[in-house]
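Residue numbers (the numbering used here): 1241 to 1688. In this text, a Cβ means the ideal position worked out from N, Cα and C, and glycines have one as well. This one's a predicted model, so the numbers in the text were calculated from it and none came from an experiment. Below: one structure, written as structure tokens.
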């Protein structure tokens, strides 16, 4: 479908990225914002900015009627949902289709399939991709324990429509189940507007490996390598890198091939991510597919040299992928650190206040993705991500060295940030060896 104007239905650094991609492609952009974000400088970079409601996400960035109205009134033929908010909501895709607006992402049918965790698992398993036991949480609460018992403990509660770890809880025993389901549902509802949950068998201390894929409307599909996202706390990623360290070539090839198989099995189109857990024996299992661009897509861009946001828009315009798998060259090593406004010493509580920028990093191989500005007020209503700091090197060691120097120069005051913890992780012997699992951060901050 052809369009010349894109509505950006998100905020912060991803909104800025989409606006910039539209400018490079010669498209107009309309960016929506809440009252709390009215002073964000990136709004001036769009051709138009439209306020769609108050600070609360349910009344602004999750308000489908307001977003569709803004698109219609401003002649936007497409909507880019970014990540989070409505980016994985099949109903939003349906409403877009009803109004003749292209959603820059997969089709409604595909998003519904991917969002139905059980159906997605069945589809990829039928194609030969290994999966862990799991099922949708029954609506009848009297069947919760039965469902959990059939999977076995420990297990994970996951949000069907969420991402970024929102609505995810680890359950070790039956008595924990009701309270953690309630907490997961509340968090999922706040993040995506949906409270549907899914139960999955948990693997103790695996590595978290994911593969970035691109698929056009002509049957062509490629991957741009894998990412290691094992450095995370309570399923919130802190550091990502590509390629995954210490991954045997044959395992890397098998994971990437499985990702393409999974994406084909669900009829995927546009940019998406296939996620796996990997055990110490290098056995890997599909856990889910994210039907959107992810926060950590930038680390893949650093090694593949592509602008994945532009690729998303080009695919939505009906253009074929520019490169075949054989033509894609993955070069060097990249690391991404998430700079969050959180007080690590107080259990990672969100830190609100007015940001003062004392110093920002730069130099060869350094990239900073952010919508930060001097005097920005960090609001309690949204995700705590302030910036994504990336370092690239011809080797992992060079990337680590550059990241270490960059973190030293990442100096913000007025709010607490995760920067000191990121520096500690970066210099930890286990991380330097590339020998960490998803349990690493919890063990680091809560030593026995």
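Here residue 1510 is buried, its C-beta having at least 16 other C-beta atoms within 10 Å. Contact between residue 1492 and residue 1466 holds, with the beta-carbon distance rounding to 6 Å and staying under 8 Å.
The C-beta separation of residue 1407 from residue 1431 comes to about 6 Å, placing the pair in contact by the 8 Å criterion. Per the C-alpha coordinates, the member of 1273, 1242, 1268 positioned closest to residue 1253 is 1273. In the DSSP secondary-structure assignment, residue 1455 is bridged to 1461, 1510. Residue 1605 and residue 1642 do touch by the CB rule: their CB atoms are close to 5 Å apart, below 8 Å.
By a beta-carbon distance limit of 8 Å, residue 1463 contacts residue 1499. Their separation comes to about 6 Å.
Taken through DSSP and simplified to helix, strand or coil, residue 1537 comes out as helix.
A Cβ-Cβ separation of about 16 Å leaves residue 1420 out of contact with residue 1374 under the 8 Å criterion. Between residue 1475 and residue 1395, the alpha-carbon positions lie close to 13 Å from each other.
Residue 1438 has its alpha-carbon roughly 16 Å from the corresponding atom of residue 1414. Boundaries of the beta strand (DSSP E) harbouring residue 1320: 1318-1320, taken from the DSSP string. With 16 or more neighbouring CB atoms inside 10 Å of its own CB, residue 1250 falls in the buried class. The Cβ atoms of residue 1446 and residue 1518 lie closer than 7 Å to each other.
Taking C-beta atoms as the reference points, residue 1343 and residue 1336 count as a pair closer than 7 Å.
In the same chain as residue 1676, and ignoring 5 residues on each side of it, the C-beta atoms closer than 7 Å to its own belong to 1470, 1471, 1670, in chain order. For residue 1282, the three-state secondary structure derived from DSSP is helix. The segment 1288-1296 makes contact with the segment 1263-1277, as at least three CB pairs between them are under 8 Å.
Counting only unbroken stretches of 3 or more residues, the beta strand (DSSP E) elements lying wholly within the segment 1370-1410 are 1374-1376, 1395-1399, in sequence order. Within the segment 1286-1358, the complete beta strand (DSSP E) segments at least 3 residues long are 1288-1293, 1318-1320, listed from N- to C-terminus. Closest in alpha carbon position to residue 1640, among 1365, 1398, 1372, 1482, is 1482. The segment 1609-1619 makes contact with the segment 1580-1596, as at least three CB pairs between them are under 8 Å. Burial check for residue 1658: the Cβ neighbour count within 10 Å reaches 16 or more, so the residue is buried.
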